[in-house]
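Colleague: Protein chains in written order, with my numbering: chain A, 1 to 251; chain B, 1001 to 1188; chain C, 2001 to 2188. Just so it is clear, CB atoms sit at the ideal spot from N, CA and C, and this is done for glycine as well.
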Amino acid sequence: MSTESAARPAFEVHLENFSGPFDLLLGLIAKSKLDVTEVALSQVTDEFIGHIQRLGGAWDLGQASEFLVIAATLLDLKAARLLPRGEVDDEEDLALLEARDLLFARLLQYRAYKEVAAWVAGRLEAEGRRYPRAVALEERYASLLPEVILGIGPAAFAALAARAFAPRTAPEVDTEHVHAPRVDMAQQQAILVERVRRTGAASFAALAGDAGSVVVVVARFLLLLDLYRDGQVAFEQASPLGELTVRWVRQ
Amino acid sequence: MTEEPPEPPGGGPSLRAALEAVLLVVDEPVSEVVLAQVVERPTEEVVQTLRGLACGYASEDRGFELRAVAGGWRLYTRADCAPYVERFVLDGQQARLTQAALEVLAVVAYRQPVSRGRVTAVRGVNSDAVMRTLLNRGLVEESGTDPEGGAVLYRTTPYFLERLGISGVEELPPLAPLVPDADAVGDG
Amino acid sequence: MTEEPPEPPGGGPSLRAALEAVLLVVDEPVSEVVLAQVVERPTEEVVQTLRGLACGYASEDRGFELRAVAGGWRLYTRADCAPYVERFVLDGQQARLTQAALEVLAVVAYRQPVSRGRVTAVRGVNSDAVMRTLLNRGLVEESGTDPEGGAVLYRTTPYFLERLGISGVEELPPLAPLVPDADAVGDG
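This is how it looks when you write it as structure tokens:
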């Protein structure tokens, strides 16, 4: 996920004027003149995915992940419809049913809010043509008001101004403590490969000894799992919690 | 005139005139209770007089209306006079809200107090920037924090009610009955 | 009613209603010529209608009056209603300014002349109502309009300087040491 998003103006996902994945989905269903049913969902799946594909790399994955989650759910639903329906007996089927029901529920909920949003828009439009009386007081009343007490001197006043002009930090959840400093995975991988390959085998303790921070230790561990999956290294561990030995096995 | 003004008590201005005078200087909706205190008359009598005034303005083809909005009474120009009024109210015209902003506003209106996270869950898309716009426009405001997660909660403002021309959120139309247990699904 | 409202021309609001609507939103007396331009009717007809309105308000025991003063027309509260209006105006008026009012005042002081929109942008909160309070308290005043957008500009008054205990805005402490790049910020 993007760690630099704090520095960037917040980003709103817009797909041809759709304000979000549910909006897009409802738009597609409406276009097909279908009611919100499972059939509708499977029919518009391809179009939905086509829409988000067309956007290519032009969006921020972190912000747009909901589009992808929904696209994946739709694909699952569509695939399930294409397969012969047997008994719902395994966990995957159950999970799919749950995903479908949740998607329906969220879609219907969203549609309800969209309807009232349209009502709000209509009211704002109509009310915008009425202007409230908001004029300065007549002289005779303005002069009755008590003398103003500012309660602060020039220095405190300047401090107040400075606070007002200070760039506002956007009211966002502070995720600094969640986002670890970035680790250059490619660089770490190069270090690991070079060491294991040169020595043929090394203990994890030795490989992580100079990591410098927990994050880098974790990164190196994850990279080793990657290498293991690719069949480049093998692990040996004599006993649980015992020393982990990493061996270079790739020819 | 559609009705006789009530007798001025002891030579002073009538209740109706006193209320009209006060309404001319208010710059936000004023509650019946405050008006009753100012004119020193029972609230019910004040409410009745205000209603009479509002009806009177309508039937007399006045260019202004007296309306009860956002928990108070305030004078407004009549909607069909907008073309004339707008030449004087330079910065009165607000930029229109985007579809996204309207949606966030709707969710906040019905679920308040509500966190940004929950609004995002309902819309299926991040709503932070939009919430900021609504804060800037004075349509929503912060309303403490969630005792559980500590997330900032938001609610609509009296200004929101005034812009919609309604007295309170209970005047919002009902949400579509299709929403099954909306509280259970919004957090998905 | 003392006289029949003139026929609405082509379904729009009547001349009388259009004039009433405009008069409701104007701060300053508006001349007959300007009113005639806005409603696109001959000045004599407009003057006659205004006179009719003024007479009507008086005979109908309204709480407001329409008066021609300083070369223009403006709505005023009726003199004998003043005790109620005064009570309302003074009720809840604090000698001390709110934090929000002080903040708007600070932004105006350091950015003058400045539009309300710009103040709102700096603070991130709608500042229209607060600005009106400051106008009413005589701490800020209008200072022409922005040549670009036409927005009304505001500046601080000599009364503000007096209350802060300085003799000119150049005596305001500089912001530079407090805000890095003080001139660049605030336009966001």
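I'd like to know whether the C-beta of B:V1046 is nearer than 8 Å to at least one C-beta of chain C.
Modeller: For the purposes of this step, residue 1046 of chain B is taken as residue 46 along the second sequence, with counting starting at 1. Chain C contact via Cβ: absent.
Colleague: Would you say A:V116 faces chain B, with C-beta separation under 8 Å as the test?
Modeller: Taking the first sequence and counting its residues from 1, one reaches residue 116 of chain A at position 116. A:V116 counts as touching chain B.
Colleague: Which residues in chain A sit within 7 Å of C:E2103, going by Cβ to Cβ distance?
Modeller: The residue given as residue 2103 of chain C occupies position 103 in the third sequence. Simply L160 and A164.
Colleague: Quick one, are the C-beta atoms of B:G1138 and B:V1069 less than 8 Å apart?
Modeller: Locating residue 1138 of chain B in the second sequence gives position 138, where the first residue counts as 1. Locating residue 1069 of chain B in the second sequence gives position 69, where the first residue counts as 1. No. Outside cutoff.
Colleague: Closest by CA to A:R229, which one among A:L102, A:V249 and A:S239?
Modeller: As a position in the first sequence, residue 229 of chain A is number 229, starting the count at 1. Ranking A:L102, A:V249 and A:S239 by Cα distance to A:R229 puts A:V249 first.
Colleague: Please classify A:F235: does DSSP put it in a helix, a strand, or coil?
Modeller: As a first step, residue 235 of chain A is located in the first sequence; it is residue number 235 there, counting from the start. Note: A:F235 maps to strand in three-state DSSP.
Colleague: So what does C:R2096 bridge to, in DSSP terms?
Modeller: As a position in the third sequence, residue 2096 of chain C is number 96, starting the count at 1. Partner(s): A:I149.
Colleague: Looking at the unbroken alpha helix (DSSP H) that takes in A:S42, where does it start and where does it end?
Modeller: Sequence index remark: in the first sequence, residue 42 of chain A carries index 42 (1-based). Start and end: E38 to R54.
Colleague: With a threshold of 8 Å between beta carbons, is A:I70 in contact with chain B?
Modeller: Translated into the one-based positions of the first sequence, residue 70 of chain A becomes position 70. Yes, because at least one Cβ of chain B sits closer than 8 Å to the Cβ of A:I70.
Colleague: Can you find a C-beta in chain C that's less than 8 Å from the C-beta of B:P1158?
Modeller: Counting from one through the second sequence, the residue named residue 1158 of chain B turns up at place 158. Answer no: the Cβ-Cβ gap between B:P1158 and chain C never drops below 8 Å.
Colleague: Could you give the C-beta distance for A:L223 and A:L244, rounded to a whole number, given that I count them as a contact under 8 Å?
Modeller: In the first sequence, counting from the first residue as 1, residue 223 of chain A sits at position 223. In the first sequence, counting from the first residue as 1, residue 244 of chain A sits at position 244. Actually they do not touch by this definition, with Cβ atoms about 14 Å apart.
Colleague: Starting from the C-beta of A:Q189, find all residues in its chain whose C-beta is less than 7 Å away, skip the five residues before and the five after it, and write them out in chain order.
Modeller: Position 189 of the first sequence holds residue 189 of chain A. Excluding positions up to five away in sequence, the list reads L223.
Colleague: Can you give, in chain order, each stretch of the alpha helix (DSSP H) that sits fully within the segment 1108-1172 of chain B and has at least 4 residues?
Modeller: Listed in chain order, they are 1116-1123, 1128-1136 and 1158-1164.
Colleague: Can you tell me which of C:V2107, C:G2117, C:G2149 and C:R2123 puts its alpha carbon nearest to the alpha carbon of C:T2156?
Modeller: Residue mapping note: residue 2156 of chain C aligns to position 156 of the third sequence, counting from 1. Minimum Cα distance to C:T2156 is reached at C:V2107.
Colleague: Closest to C:F2088 by C-alpha separation, out of B:P1042, B:V1030, B:V1119 and B:V1104, would be which residue?
Modeller: Mapped onto the third sequence, residue 2088 of chain C falls at position 88. The option with the nearest alpha carbon to C:F2088 is B:V1030.
Colleague: Identify which residue in B:Q1099, B:S1115, B:R1132 and B:T1049 has its Cα closest to the Cα of A:A117.
Modeller: Position 117 of the first sequence, counted from the start, is the residue given in the question as residue 117 of chain A. Checked all of B:Q1099, B:S1115, B:R1132 and B:T1049; the closest Cα to A:A117 is B:Q1099.
Colleague: Under 8 Å between beta-carbons, which chain A residues line up against B:Q1099? List them in chain order, please.
Modeller: Your numbering for residue 1099 of chain B matches position 99 in the second sequence. Per Cβ cutoff of 8 Å: N17, S19, D23 and A117.
Colleague: Using a Cβ distance threshold of 8 Å, determine whether the segment 1147-1154 of chain B contacts the segment 1039-1051 of chain B, with at least three qualifying pairs required.
Modeller: Judged by Cβ distances under 8 Å, the segment 1147-1154 of chain B makes no contact with the segment 1039-1051 of chain B, as fewer than three pairs qualify.
Colleague: So which residues on chain B does A:R133 lean against when the C-beta distance must stay under 9 Å?
Modeller: Taking the first sequence and counting its residues from 1, the one referred to as residue 133 of chain A is at position 133. Within 9 Å Cβ-Cβ: L1023, L1024, V1025, V1026, D1027, F1064, R1074, L1075, Y1076 and T1077.
Colleague: What residues from the segment 1128-1140 of chain B come within 9 Å of chain A, judged by C-beta to C-beta, listed N to C?
Modeller: Correct list: D1128, A1129, V1130, M1131, R1132 and L1135.
Colleague: For C:T2014, which residues in chain B fall below 9 Å Cβ to Cβ?
Modeller: On the third sequence, position 14 is the one that residue 2014 of chain C refers to. The sequence given here has Ser at residue 2014 of chain C, not Thr. Chain B residues near C:S2014: D1061 and G1063.
Colleague: Taking DSSP as the reference, what is the three-state secondary structure of A:P171?
Modeller: Counted from its first residue, the first sequence places residue 171 of chain A at position 171. Bear in mind that the predicted position of A:P171 carries a pLDDT of just 47, short of 50, making it too unreliable to give a figure here.
Colleague: Quick one: using the 10 Å Cβ neighbour count with 16 as the cut-off for buried, is A:I149 buried or exposed?
Modeller: Within the first sequence, numbered from 1, the residue matching residue 149 of chain A stands at position 149. Classification of A:I149: exposed, given that the 10 Å Cβ count is below 16.
Colleague: Who are the near neighbours of A:V36 in its chain, counting only those whose CB is closer than 8 Å to its CB and skipping five residues on each side?
Modeller: For the purposes of this step, residue 36 of chain A is taken as residue 36 along the first sequence, with counting starting at 1. Around A:V36: L26, I29, F104, L107, L108 and R111.
Colleague: Can you tell me whether A:L211 is helix, strand or coil according to DSSP?
Modeller: Reading the first sequence from its first residue, position 211 is the one you call residue 211 of chain A. Rather than Leu, the amino acid found at residue 211 of chain A in this sequence is Ala. In the structure shown, A:A211 sits in coil (DSSP, three-state: anything other than H, G, I, E or B).
Colleague: Can you tell me where the alpha helix (DSSP H) holding C:S2014 begins and where it ends?
Modeller: What you label residue 2014 of chain C is simply residue 14 of the third sequence in a count that begins at 1. Here C:S2014 belongs to no alpha helix (DSSP H), and DSSP marks it neither H nor E.
Colleague: So A:L41 and A:L77 are supposed to be a Cβ contact under 8 Å. How far apart are they, rounded?
Modeller: To locate residue 41 of chain A, count along the first sequence from 1; it is residue 41. To locate residue 77 of chain A, count along the first sequence from 1; it is residue 77. Yes, they are in contact, since the Cβ atoms of A:L41 and A:L77 sit about 6 Å apart, within 8 Å.
Colleague: Please tell me whether A:G124 and C:N2136 are closer than 8 Å, where the distance is taken between their beta carbons.
Modeller: Looking up residue 124 of chain A in the first sequence gives position 124. Looking up residue 2136 of chain C in the third sequence gives position 136. Checking the sequence, you will find Leu at residue 124 of chain A rather than Gly. For A:L124 and C:N2136, no; Cβs fall outside 8 Å.
Colleague: Using three-state DSSP, classify C:E2065 as helix, strand or coil.
Modeller: The count along the third sequence starts at 1 and reaches residue 2065 of chain C at position 65. Strand, per DSSP.
Colleague: Below 8 Å on C-beta distance, what does B:Y1110 contact in chain A?
Modeller: For this step, residue 1110 of chain B is matched to residue 110 along the second sequence. Going along chain A in sequence order, the residues near B:Y1110 (Cβ under 8 Å) are Y113 and V116.
Colleague: With C-beta atoms as the reference, is A:L144 less than 8 Å away from C:E2086?
Modeller: Numbered from its first residue, the first sequence carries residue 144 of chain A at position 144. Numbered from its first residue, the third sequence carries residue 2086 of chain C at position 86. Yes, the Cβ-Cβ distance between A:L144 and C:E2086 is below 8 Å.
Colleague: Which residues bound the beta strand (DSSP E) around C:R2074?
Modeller: The residue given as residue 2074 of chain C occupies position 74 in the third sequence. Counting along the chain, the beta strand (DSSP E) containing C:R2074 begins and ends at G2072 to T2077.
Colleague: Quick check on this structure: which residue in A:G212, A:Q232, A:F204 and A:A211 has the alpha carbon closest to the alpha carbon of A:G242?
Modeller: Counted from its first residue, the first sequence places residue 242 of chain A at position 242. Nearest of A:G212, A:Q232, A:F204 and A:A211 to A:G242, Cα basis: A:F204.
Colleague: Pick helix, strand or coil for A:L244, following the three-state DSSP scheme.
Modeller: Taking the first sequence and counting its residues from 1, the one referred to as residue 244 of chain A is at position 244. Reduced to three states, the DSSP call for A:L244 is strand.
Colleague: Kindly indicate the opening and closing residues of the alpha helix (DSSP H) around C:S2031.
Modeller: On the third sequence, residue 2031 of chain C is found 31 positions in, with the first residue counted as 1. Looking at the DSSP string, C:S2031 is not in any alpha helix (DSSP H), and its letter there is neither H nor E.
Colleague: Using the beta-carbon of each residue, which ones in chain A are nearer than 7 Å to B:R1163?
Modeller: Locating residue 1163 of chain B in the second sequence gives position 163, counting from the first residue. Those are L124 and E127, listed as they occur along chain A.
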